[in-house]
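First to last, the sequence lines map onto chains A and B.
Under this note's numbering, the final residue of the first sequence carries the number 220; numbering is consecutive throughout.
Under this note's numbering, the final residue of the second sequence carries the number 599; numbering is consecutive throughout.
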Amino acid sequence: MKTASKDREQSDSNIASNKQLSVEIFSFATRYGPLEWDNKSNMLLWLESNRSIQKLCAFDPQSSKIDIVEDNKKIKAAIGYGGGDFNIANGNVVYSEASTSKLYQINLLTKSRIQLTPKAGQTASPKPSPTTPWVMYINRDDEERDCLAVVQADGKQWPQILNADFDFYRNSLAGTQTECKLLCCLESSTYAVDKL
Amino acid sequence: MPWINSKIYVADIQMHAKGYPAISHLDAIPSPDMSASFQPQFCPKGNFVYFIRDDSQWGQLFRYNLQTKSVEKITDIQGECAQPNWVHDMRTYTLSHDGTQAFVVANKNTIHTIYQINLEKENESTHYQCTRWTNTHLWSEILQPTCSYDGRHLAFIGSAPDRPPEICLANLKENNAIQPLKSTIKSYPQFIDHQSNPIHLNWQDNGIKTYGLYWPPKSQPICKNGEKDIPPVIFKIHGGPTAQATTCWEPEAQFFTSKNIGVFYVNYRGSWGYGRKYMEAIKGQWGVCDVEDAISGLNYLERQGLASRKKSVIMGGSAGGYTVLQALCHYPQVFAAGICLYGVTDLFALSQQTHKFEKHYNDYLLGILPQATNVYTERSPINFADKIQKPIAIYQGKEDTVVAPQQMISFVDSLKKFNIPHFFHLYENEGHGFRLQETKEHLYRTMTDFIYNSIASDV
Chain A
25 MKTASKDREQ
35 SDSNIASNKQ
45 LSVEIFSFAT
55 RYGPLEWDNK
65 SNMLLWLESN
75 RSIQKLCAFD
85 PQSSKIDIVE
95 DNKKIKAAIG
105 YGGGDFNIAN
115 GNVVYSEAST
125 SKLYQINLLT
135 KSRIQLTPKA
145 GQTASPKPSP
155 TTPWVMYINR
165 DDEERDCLAV
175 VQADGKQWPQ
185 ILNADFDFYR
195 NSLAGTQTEC
205 KLLCCLESST
215 YAVDKL
Chain B
141 MPWINSKIYV
151 ADIQMHAKGY
161 PAISHLDAIP
171 SPDMSASFQP
181 QFCPKGNFVY
191 FIRDDSQWGQ
201 LFRYNLQTKS
211 VEKITDIQGE
221 CAQPNWVHDM
231 RTYTLSHDGT
241 QAFVVANKNT
251 IHTIYQINLE
261 KENESTHYQC
271 TRWTNTHLWS
281 EILQPTCSYD
291 GRHLAFIGSA
301 PDRPPEICLA
311 NLKENNAIQP
321 LKSTIKSYPQ
331 FIDHQSNPIH
341 LNWQDNGIKT
351 YGLYWPPKSQ
361 PICKNGEKDI
371 PPVIFKIHGG
381 PTAQATTCWE
391 PEAQFFTSKN
401 IGVFYVNYRG
411 SWGYGRKYME
421 AIKGQWGVCD
431 VEDAISGLNY
441 LERQGLASRK
451 KSVIMGGSAG
461 GYTVLQALCH
471 YPQVFAAGIC
481 LYGVTDLFAL
491 SQQTHKFEKH
501 YNDYLLGILP
511 QATNVYTERS
521 PINFADKIQK
531 PIAIYQGKED
541 TVVAPQQMIS
551 FVDSLKKFNI
561 PHFFHLYENE
571 GHGFRLQETK
581 EHLYRTMTDF
591 IYNSIASDV
């Protein structure tokens, strides 16, 4: 008992000298990320979250100005533990909207927004192609089946499944300079027990 | 899990007759059995796929030639270049706009450093030129490196014990000079009066080498005779268990150390960042080796005069919360108290109820059911709640989908039944990991009180 009281006394003396951190230290936590560059405007984009506020920001290295692209809709992908909230190509940001998990596209300059996918499970990791009018993304349906899907960047066509052979997909990536062809890269984690 | 065994596939895509893309051919990039691949990425010209893979001890940069279908190892850095792939779109390297340079973040003893690799070598017999950046010392954690398309900038998110996360911009045309672009450091005026910096430690116990980060208290308590006394120490067990406590901005550690409570983050066997062999040491041993390493960490700090059993509290969330319960159940006299945040109490229930991503994680950590039934029974804290002797504080989110709240409620019922001193709080709008500010305020206030009260009752 003595020792604990002594520790508390020491602790209290720090309070008196205002050197002890209060729980407020947790209230300033600002989270940044992911970071993505746009190939067209050469602007750097990131999500900035602080308590209940979230902003999609864009920085122009030439003017050193920071613009807020979106602060109305919450951007968050929610397959598994999340990640892969948005990506950008040719001045168009494609993101997963938190409450519905629909994919939206927003133009950096005009701020005009279009819906790309209907509500159909969860979406993550959208990759707009820099060379073709397609967006590749990961989808998890309501029965927890994952697939790699594509949707046209104007949102006028129904999404199509590219591949559903694997239990999980990670870091799918579209877009090379190979004319109208896309190459994609997918990764599967081992779901099968015998491979563990 | 992707950090244990994963493959990269490359697909050729052609336009389907109906006017949408379809895969015409699918190839796996050749890889050794039981190797983990991370962050596949095409180079700008589209002739290589780059990725990180851990063929040996450390995850290193490789590339796959799409024409020759050959794999080449690019780096041989003494450090870990991948991260455990818990979420989508994690990134530890970036390629320059023209594909001639790679910038790789390597983790050595919890400190991150950027390495620049020239991807164009003079002839086949020479190594790729690899240069360590020396100007990133202000940031011990470097995340999300990414090169601009005009070749001028490299952006990353950096943090350090004395720097909250900030977006940084390196000018690749001016000696890689780095400027913070967006920072919140000015939000922490009270922090100027206090900062603790962690010390990376390793120790041996029965021939087993283990690692940890010790955040010393701001000052040691003074006895009445004027001599320094041993401060209380929190032994923090990270979650995962495939994760790592790193040298980064850690408000929790700063909060407690400002109250003269030391914090020791135990990077127990199974942790990330010390090589594949160290990560694999937890295979089949979860609930055993993590507990042993927490205790050997306490013994080590005791030998150094930095901790005492009577003033040591074990604390952890999720998998770390499970280790807390295992330690209190099976070594009831070692720690003075425990704090468990959304920890696993029932391994059978975890295997049945957890989400898709971790559905078979337990197969690796414990064994496959039903053959491993005994292991699950013997290592489920719910079966040993009566063995706990020291006070325990438990916090749980009502919307937790990883560890179902009912698991914890059943455990607390057992504590009541056996008259074990405990504190339990169920947060209404929280899941697996607490995020709301009011939750954090309540959590850290009550935890601080609990630590002092528990140590008092134990002495």
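We put the CB at the ideal spot given by N, CA and C, even for glycine.
Since residue i and residue j are thought to touch, with beta carbons under 8 Å apart, how far apart are those beta carbons, to the nearest angstrom?
| i | j | result |
| --- | --- | --- |
| D589 (chain B) | Q547 (chain B) | Actually they are not in contact, since the Cβ atoms of D589 (chain B) and Q547 (chain B) sit about 25 Å apart, beyond 8 Å. |
| I422 (chain B) | A467 (chain B) | Not a contact, Cβ separation roughly 15 Å. |
| F178 (chain B) | G199 (chain B) | 6 Å |
| A176 (chain B) | I144 (chain B) | 6 Å |
| V464 (chain B) | T494 (chain B) | About 19 Å separates the two Cβ atoms, so there is no contact after all. |
Which residue from the options puts its Cα closest to that of residue i?
| i | options | result |
| --- | --- | --- |
| N66 (chain A) | A:N114, A:E48 and A:G57 | A:N114 |
| Y255 (chain B) | B:P510, B:Q269, B:V189 and B:D540 | B:Q269 |
| Q86 (chain A) | B:N559, B:F551, B:H293 and B:I522 | B:H293 |
| R169 (chain A) | A:W182, A:A82, A:Q44 and A:A188 | A:A188 |
| P285 (chain B) | B:A459, B:E306 and B:F202 | B:E306 |
| K326 (chain B) | B:K209, B:K358 and B:P304 | B:P304 |
| M455 (chain B) | B:V373, B:L278, B:E420 and B:L441 | B:V373 |
| F375 (chain B) | B:G478, B:K423 and B:K557 | B:G478 |
| A102 (chain A) | A:G145, A:V159 and A:K135 | A:G145 |
| M230 (chain B) | A:Q184, A:S149, A:I92 and A:N96 | A:S149 |
| S210 (chain B) | B:G410, B:P180, B:S336 and B:F188 | B:F188 |
| L45 (chain A) | B:Q335, B:L490 and B:Q577 | B:Q335 |
| S146 (chain B) | B:P180, B:A162, B:E578 and B:A383 | B:P180 |
| M587 (chain B) | B:E390, B:G427, B:E568 and B:F395 | B:F395 |
| W412 (chain B) | B:C429, B:C388, B:T382 and B:D430 | B:T382 |
Tell me whether residue i sits in a helix, a strand or coil according to DSSP, three-state version.
| i | result |
| --- | --- |
| S120 (chain A) | strand |
| V474 (chain B) | coil |
| R193 (chain B) | strand |
| G437 (chain B) | helix |
| Q44 (chain A) | coil |
| D91 (chain A) | strand |
| M155 (chain B) | strand |
| S212 (chain A) | At S212 (chain A), the pLDDT of 40 sits below 50, so the modelled position is not reliable and the matter cannot be decided from this model. |
| Q547 (chain B) | helix |
| K580 (chain B) | helix |
| V552 (chain B) | helix |
| E281 (chain B) | strand |
| Q536 (chain B) | strand |
| K450 (chain B) | helix |
| N134 (chain B) | Nothing can be reported for residue 134 (chain B), as the shown portion of chain B is limited to 141 through 599. |
| T208 (chain B) | coil |
| Y501 (chain B) | helix |
| D430 (chain B) | helix |
| I370 (chain B) | coil |
| G298 (chain B) | strand |
Could you tell me whether the Cβ atoms of residue i and residue j are closer together than 7 Å?
| i | j | result |
| --- | --- | --- |
| V47 (chain A) | E581 (chain B) | yes |
| Y289 (chain B) | H237 (chain B) | yes |
| A385 (chain B) | N407 (chain B) | yes |
| G219 (chain B) | A242 (chain B) | no |
| I522 (chain B) | F488 (chain B) | no |
| L481 (chain B) | G507 (chain B) | no |
| A177 (chain A) | Y161 (chain A) | no |
| L505 (chain B) | Q536 (chain B) | no |
| I192 (chain B) | C221 (chain B) | yes |
| Y405 (chain B) | L341 (chain B) | no |
| A300 (chain B) | S280 (chain B) | yes |
| C469 (chain B) | K527 (chain B) | yes |
| Y56 (chain A) | W226 (chain B) | no |
| W355 (chain B) | A393 (chain B) | yes |
| R449 (chain B) | D433 (chain B) | no |
| I151 (chain A) | E121 (chain A) | Reading the sequence as shown, one finds Lys at residue 151 (chain A) and not Ile. Not a contact, by the Cβ cut-off of 7 Å. |
| P338 (chain B) | T397 (chain B) | no |
| K143 (chain A) | K126 (chain A) | yes |
Return the residues of the stretch 227 to 239 of chain B that lie within a Cβ-Cβ distance of less than 7 Å from chain A, sorted by chain order.
-> Using a CB distance below 7 Å, the part of the stretch 227 to 239 of chain B facing chain A consists of V227, H228, D229 and M230, ordered along the chain.
May I ask you to list, following chain order, the residues of the stretch 47 to 65 of chain A that have a beta carbon less than 9 Å from some beta carbon of chain B?
-> Against chain B - using a Cβ distance shorter than 9 Å - the residues of the stretch 47 to 65 of chain A are V47, E48, I49, F50, S51, F52, A53, T54, R55, Y56, G57, P58, L59, E60, W61, D62, N63 and K64.
Using a Cβ-Cβ cut-off of less than 9 Å, give me the residues of the stretch 443 to 459 of chain B that come near chain A, in sequence order.
-> S448, K450 and K451
Going along the stretch 81 to 94 of chain A in order, which residues come within less than 7 Å of chain B, judged by CB to CB distance?
-> Correct list: F83 and P85.
For the stretch 395 to 407 of chain B, which residues have a beta carbon sitting closer than 7 Å to at least one beta carbon of chain A?
-> F395, S398, K399 and N400
Give the residues from the stretch 473 to 501 of chain B that approach chain A closer than 8 Å (Cβ to any Cβ), ordered along the chain.
-> Of all residues in the stretch 473 to 501 of chain B, H495, K496, F497, K499 and H500 have a Cβ within less than 8 Å of some Cβ in chain A.
Along the stretch 284 to 312 of chain B, what residues have a CB closer than 8 Å to any CB found in chain A?
-> For the stretch 284 to 312 of chain B, which is checked against every Cβ of chain A, the residues closer than 8 Å are Q284, T286, C287, S288, Y289, D290, R292, H293, A295, F296, I297, P304, P305, E306, I307 and L309.
Interface positions of the stretch 155 to 166 of chain B facing chain A (Cβ-Cβ less than 9 Å), listed along the chain = M155, H156, K158, G159, Y160, P161, A162, I163 and L166
Check each residue of the stretch 578 to 598 of chain B: if its Cβ is closer than 7 Å to any Cβ of chain A, include it; give the result in chain order.
-> Cβ contacts with chain A come from K580, E581, Y584, R585, Y592, I595 and A596.
Taking any Cβ of chain B, which residues in the stretch 121 to 153 of chain A have a Cβ under 7 Å from it, in chain order?
-> A148 and S149
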